[in-house]
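In short: position in the sequence shown from 1, add 27, done, that's our numbering. Please read the structure below before turning to the comments.
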Amino acid sequence: MNETFEMVAKTLYGLEDILAGELLALGANDLQIGRRMVSFTGDKELLYRANFCCRTALRILKPIYHFKAKDADTVYKEVKTVEWEKFLSLDKTFAIDSVIYSEDFNHSKFVAYRTKDAIVDYFMEKMQKRPSVRVNNPDLYINIHISHNDCTLSIDSSGESLHKRGYRVDQTEAPLNEVLAAGMIMKTGWKGESNFVDPMCGSGTLLIEAAMIALNIAPGIHRKEFAFEKWIDFDQELFDRIYNDESKEREFTFKCYGSDISPAAIEIAQKNIRSAGLVKYIDLKVMPFQQYAEAPQPGIMVTNPPYGERISSRDLLGLYSMIGERLKHVFTGYKVWILSYKDECFDKIGLRPGEKMKLMNGSLECEYRCFEMFDGKNKDFKKALNEQRGEGEERRSAVTKRNDGSKIVKKTNFKTARMDRPERRFAAAHLDDDDDSGYISNKKLTKMRYRDDDDRRKGFGNKHITKKPFKKKGRDDFED
28 MNETFEMVAK
38 TLYGLEDILA
48 GELLALGAND
58 LQIGRRMVSF
68 TGDKELLYRA
78 NFCCRTALRI
88 LKPIYHFKAK
98 DADTVYKEVK
108 TVEWEKFLSL
118 DKTFAIDSVI
128 YSEDFNHSKF
138 VAYRTKDAIV
148 DYFMEKMQKR
158 PSVRVNNPDL
168 YINIHISHND
178 CTLSIDSSGE
188 SLHKRGYRVD
198 QTEAPLNEVL
208 AAGMIMKTGW
218 KGESNFVDPM
228 CGSGTLLIEA
238 AMIALNIAPG
248 IHRKEFAFEK
258 WIDFDQELFD
268 RIYNDESKER
278 EFTFKCYGSD
288 ISPAAIEIAQ
298 KNIRSAGLVK
308 YIDLKVMPFQ
318 QYAEAPQPGI
328 MVTNPPYGER
338 ISSRDLLGLY
348 SMIGERLKHV
358 FTGYKVWILS
368 YKDECFDKIG
378 LRPGEKMKLM
388 NGSLECEYRC
398 FEMFDGKNKD
408 FKKALNEQRG
418 EGEERRSAVT
428 KRNDGSKIVK
438 KTNFKTARMD
448 RPERRFAAAH
458 LDDDDDSGYI
468 SNKKLTKMRY
478 RDDDDRRKGF
488 GNKHITKKPF
498 KKKGRDDFED
């Protein structure tokens, strides 16, 4: 029987339920949802699949030791009790990340030093030799997280943040995070059963993620490597089987349509789409939104318009007024999903949303709203709107029911949920260190990566939740 262990998947705020659903589909057990994370249990195969298949995960951590400490000397003693030869050998390199939220620890750098010292001294005492520390592309990423006096040591199975899919060749200014883009699409419930439109596509992230979702291509297919490939217990045969499994892929008989007012943006999008091997499924053109005279039917629109950082307020409000006008006249029959930052922008659209939710785009707390462009009488529109709201509630609670309809999840209020064990407090509080989300917590955080003078690709059930893929044989044009 395969060994099972605890894992923590980190994500962006607002995408926790989507990530839990992904993990559930992969066979994860004991799911618990917190703020920007989902903890779960599973085996080595699940760890590999979570990294390779989860579109809304930023990284997958494997906690290896929970303990309490009020000072760096205690941290040193506790870290030294870990059997480090299970994770690290003398010919491997390692790096330390420390994330501290505690009044007892004022110097996170010192905590990282003492963690490093404990690991080095462990090997020196047992083997009279030591592994080296290496900041860039180490063989083992080690994380120490301290919340008050609850400490957790973890090893990072992902390496680079999982939003770095590997297909992006170039980007426009402030591109959409790939994990956010995938989460936005998955929030709509769309899986490729209609056309997909983004009329302000920028570098094409929404279009690429939509095409991969429609085709059910694993998001990890283009990545050069995952950190777990350098672990001592890495199973190459198991990962090759996961990597080469195309059984979950499906046909996409519609298309994704993208446009942008900027020729430079479309050129960049073309490069990224070609790199992702999706040219067949995505049509691009240089065209401002106001020139749309017809829309492909049937269809859905998901878009992320400008927020006003680089255009004047008058022009910005005019843009959103134009968006509302085009939606009413051209996109009848569509569900239109828009991510934006300011209420006054949404007001200018002039439509009442059927759904709205908060998402973080970088450091900005945005709203994601759905507008149903119903063609018919107002009475019929209201009826459809109520049905739409019901669908939205069902979608958001999808991971809370088994196939027989029995309830398996107790919803958690992210702001007031209390974790009753140190490892859960760790999981709920753990912040992203290099996910490029730009999110800033209201907690005072310090973090660092230890540096040292010593100096990284070879060859997807239904379980319990309680709240508180494949060495491809020939897909063309891959790239990071």
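Glycine included, every Cβ here is placed at the ideal spot set by N, Cα and C. Here the structure is a predicted model, which is why all the values come from computation and not from measurement.
task = Could you tell me how far apart the beta carbons of Glu49 and Cys81 are, in whole angstroms, since I believe they sit closer than 8 angstroms?
result = Position 22 of the sequence shown, counted from the first residue, corresponds to residue 49. Position 54 of the sequence shown, counted from the first residue, corresponds to residue 81. Contact flag correct, Cβ pair sits at about 5 angstroms.
In angstroms, rounded to a whole number, what distance separates the CA positions of Glu394 and Lys383? By one-based count along the sequence shown, residue 394 stands at place 367. By one-based count along the sequence shown, residue 383 stands at place 356. The straight-line gap from Cα to Cα measures roughly 7 angstroms.
Margin query: Tell me the rounded alpha-carbon separation between Lys538 and Asp124.
Written below: A question about residue 538 goes unanswered here, because the residues of the chain that appear run from 28 up to 507.
Q) Is the distance from the Cβ of Ile212 to the Cβ of Val65 below 8 angstroms? A) Walking along the sequence shown from the start, residue 212 turns up at place 185. Walking along the sequence shown from the start, residue 65 turns up at place 38. Not in contact: Ile212 and Val65 (Cβ atoms no closer than 8 angstroms).
Starting from the C-beta of Arg277, find all residues in its chain whose C-beta is less than 6 angstroms away, skip the five residues before and the five after it, and write them out in chain order. For the purposes of this step, residue 277 is identified with residue 250 of the sequence shown, where counting begins at 1. These residues qualify, in order along the chain: Asn243.
Could you have a look at Gln317 and say whether DSSP puts it in helix, strand or coil? If you number the sequence shown from 1, residue 317 lands on position 290. Note: Gln317 maps to helix in three-state DSSP.
Sub-8 angstroms separation of Leu367 and Pro332 beta-carbons = By 1-based counting over the sequence shown, the position of residue 367 is 340. By 1-based counting over the sequence shown, the position of residue 332 is 305. Before going on, a small fix: residue 367 reads as Ser here, not Leu. A contact, by the Cβ cut-off of 8 angstroms.
Quiz item: Mind pulling the alpha helix (DSSP H) runs of 4 or more residues that sit fully within the segment 155 to 222?
Solution: 205 to 215, all fully within the segment 155 to 222.
Using 8 angstroms for Cβ pairs, my map puts Leu74 next to Ser184. What's the rounded Cβ distance? Translated into positions along the sequence shown, residue 74 becomes position 47. Translated into positions along the sequence shown, residue 184 becomes position 157. Yes, Leu74 and Ser184 are in contact; Cβ-Cβ is about 6 angstroms, under 8 angstroms.
Output yes or no for whether 8 angstroms exceeds the beta carbon distance between Thr120 and Arg161.
-> Within the sequence shown, residue 120 is the residue found at index 93, counting from 1. Within the sequence shown, residue 161 is the residue found at index 134, counting from 1. Yes, Cβ-Cβ distance for Thr120 and Arg161 is below 8 angstroms.
Helix, strand or coil at Val102 [DSSP, three-state]
For this step, residue 102 is matched to residue 75 along the sequence shown. In the structure shown, Val102 sits in a helix (DSSP, three-state: H, G or I).
- Please name the residue, chosen from Phe261, Leu344 and Asn299, that lies closest to Asp374 on a Cα-to-Cα basis. Within the sequence shown, the letter at position 347 stands for residue 374. Shortest Cα-Cα distance from Asp374 to any of Phe261, Leu344 and Asn299 involves Leu344.
Practice task
Under 6 angstroms Cβ to Cβ from Glu256, same chain only, skipping five residues before and after it: list those, please.
Solution key: Taking the sequence shown and counting its residues from 1, the one referred to as residue 256 is at position 229. Closer than 6 angstroms at the Cβ level, and outside the excluded window around Glu256, lies no residue.
Exercise. According to the Cβ coordinates, are Glu30 and Asp57 closer than 8 angstroms?
Worked result: Position 3 of the sequence shown, counting from 1, holds the residue named residue 30. Position 30 of the sequence shown, counting from 1, holds the residue named residue 57. Contact flag unset, no.
Tyr40: first and last residue of the uninterrupted alpha helix (DSSP H) it sits in: Here residue 40 refers to the residue found at position 13 of the sequence shown. Unbroken run through Tyr40: none, as it is neither H nor E.
- prompt: What did DSSP end up calling Ile244 once you bin it into helix, strand or coil?
  reply: As a working note, residue 244 is residue 217 in the sequence shown. The answer is coil: DSSP assigns Ile244 none of H, G, I, E or B.
- Item | Buried/exposed call for Glu130, threshold 16 Cβ in 10 Å | Counting from one through the sequence shown, the residue named residue 130 turns up at place 103. It counts as exposed.
* Asked: Nearest CA to the CA of Cys372: which residue from Ala84, Leu391 and Tyr347?
  -> The residue given as residue 372 occupies position 345 in the sequence shown. With distances taken between Cα atoms, Cys372 lies closest to Tyr347.
| said: Which same chain residues end up closer than 8 angstroms to Lys298 when comparing Cβ atoms and leaving out the 5 residues on each side of it in sequence? | reply: The count along the sequence shown starts at 1 and reaches residue 298 at position 271. Only residues of its own chain outside the window of five on either side were considered, and among them Val196 and Asp197 have a CB closer than 8 angstroms to the CB of Lys298, listed in chain order.
- Message: What does the alpha-carbon distance come out to for the pair Leu189 and Glu252?
- Response: Position 162 of the sequence shown, counted from the first residue, corresponds to residue 189. Position 225 of the sequence shown, counted from the first residue, corresponds to residue 252. C-alpha separation (whole angstroms): 10 angstroms.
message = I'd like to know whether the C-beta of Tyr308 is nearer than 8 angstroms to at least one C-beta of chain D.
response = Note that chain D does not occur in the displayed structure, where there is just one protein chain.
Does the beta-carbon of Thr38 have 16 or more other beta-carbons within 10 angstroms, so that it is buried, or is it exposed? Indexing the sequence shown from 1 puts residue 38 at position 11. With 16 or more Cβ atoms within 10 Å of its Cβ, Thr38 is classed as buried.
- Query: Excluding five sequence neighbours on each side, which residues of the same chain lie with their C-beta closer than 7 angstroms to the C-beta of Tyr149?
  - Reply: The sequence position of residue 149 within the sequence shown is 122, counting from 1. Non-local C-beta neighbours of Tyr149 in its own chain, meaning closer than 7 angstroms and more than five positions away in sequence, comprise Lys107 and Trp111, ordered along the chain.
Practice problem: Could you tell me which residues DSSP pairs with Phe121 in its beta bridges? | Solution: On the sequence shown, residue 121 is found 94 positions in, with the first residue counted as 1. The partner list for Phe121 (beta bridge, DSSP) reads Val160 and Leu167.
**Beta-carbon proximity check, Glu392 vs Gly381, cutoff 8 angstroms** = Mapped onto the sequence shown, residue 392 falls at position 365. Mapped onto the sequence shown, residue 381 falls at position 354. No, the pair does not count as a contact, with Cβ atoms beyond the cut-off.
- Query: What residues in its chain sit with their C-beta under 7 angstroms from that of Gly231, if we drop five residues either side in the sequence?
  - Reply: Here residue 231 corresponds to residue number 204 of the sequence shown, with the count starting at 1. Correct list, in chain order: Gly285, Ala296, Asn299 and Ile300.
- request: Taking 8 angstroms as the cut-off, decide whether the C-beta atoms of Lys385 and Tyr334 are in contact.
  value: Residue 385 sits at position 358 when you count from the first residue of the sequence shown. Residue 334 sits at position 307 when you count from the first residue of the sequence shown. No, Cβ-Cβ distance for Lys385 and Tyr334 is not below 8 angstroms.
Inter-residue Cα distance where the pair is Asn430 and Arg141: Position 403 of the sequence shown, counting from 1, holds the residue named residue 430. Position 114 of the sequence shown, counting from 1, holds the residue named residue 141. Confidence is the limiting factor: at Asn430 the pLDDT is only 44, short of 50, which leaves the residue's position unreliable, though a coordinate-based value still follows. In a straight line, the C-alpha of Asn430 is about 50 angstroms away from that of Arg141.
* To do: Kindly list the residues whose CB is nearer than 8 angstroms to the CB of Ala292, restricted to its own chain and excluding five residues on each side of it in sequence; keep chain order.
  => The sequence position of residue 292 within the sequence shown is 265, counting from 1. Excluding sequence neighbours, Ala292 sits near Thr199, Cys228, Gly229 and Ser230.
Give the DSSP bridge partners of Gly326, in chain order. For this step, residue 326 is matched to residue 299 along the sequence shown. Residue pairing of Gly326 in beta bridges, as defined by DSSP: Asn222.
Q | Beta-bridge pairing of Thr68 - partner residues as DSSP gives them | A | Position 41 of the sequence shown, counted from the start, is the residue given in the question as residue 68. Looking at the DSSP assignment, Thr68 forms a beta bridge with Glu33 and Asn56.
Going by Cα to Cα distance, which pick from Asp272, His356, Glu352 and Asn170 is closest to Val138?
-> Working through the sequence shown from its first residue, we reach residue 138 at position 111. The shortest C-alpha separation from Val138 is found at Asn170.
query = Name the DSSP beta bridge partners of Phe310, please?
reply = One-based indexing of the sequence shown puts residue 310 at position 283. In the sequence under discussion, the amino acid at residue 310 is Asp, which differs from the Phe named in the question. The partner list for Asp310 (beta bridge, DSSP) reads Tyr284.
(message) Taking only three categories from DSSP, how would you classify Trp258?
(response) Taking the first residue of the sequence shown as 1, we reach residue 258 at position 231. The three-state reading of DSSP puts Trp258 in coil, since its state is none of H, G, I, E or B.
Point to revise | C-beta atoms of Arg76 and Ile269 nearer than 8 angstroms | key: Numbered from its first residue, the sequence shown carries residue 76 at position 49. Numbered from its first residue, the sequence shown carries residue 269 at position 242. Yes, the Cβ-Cβ distance between Arg76 and Ile269 is below 8 angstroms.
Using only CA atoms, which one of Asn388, Cys283 and Ala145 lies nearest to Ile327? Here the question's residue 327 lines up with position 300 in the sequence shown. Minimum Cα distance to Ile327 is reached at Cys283.
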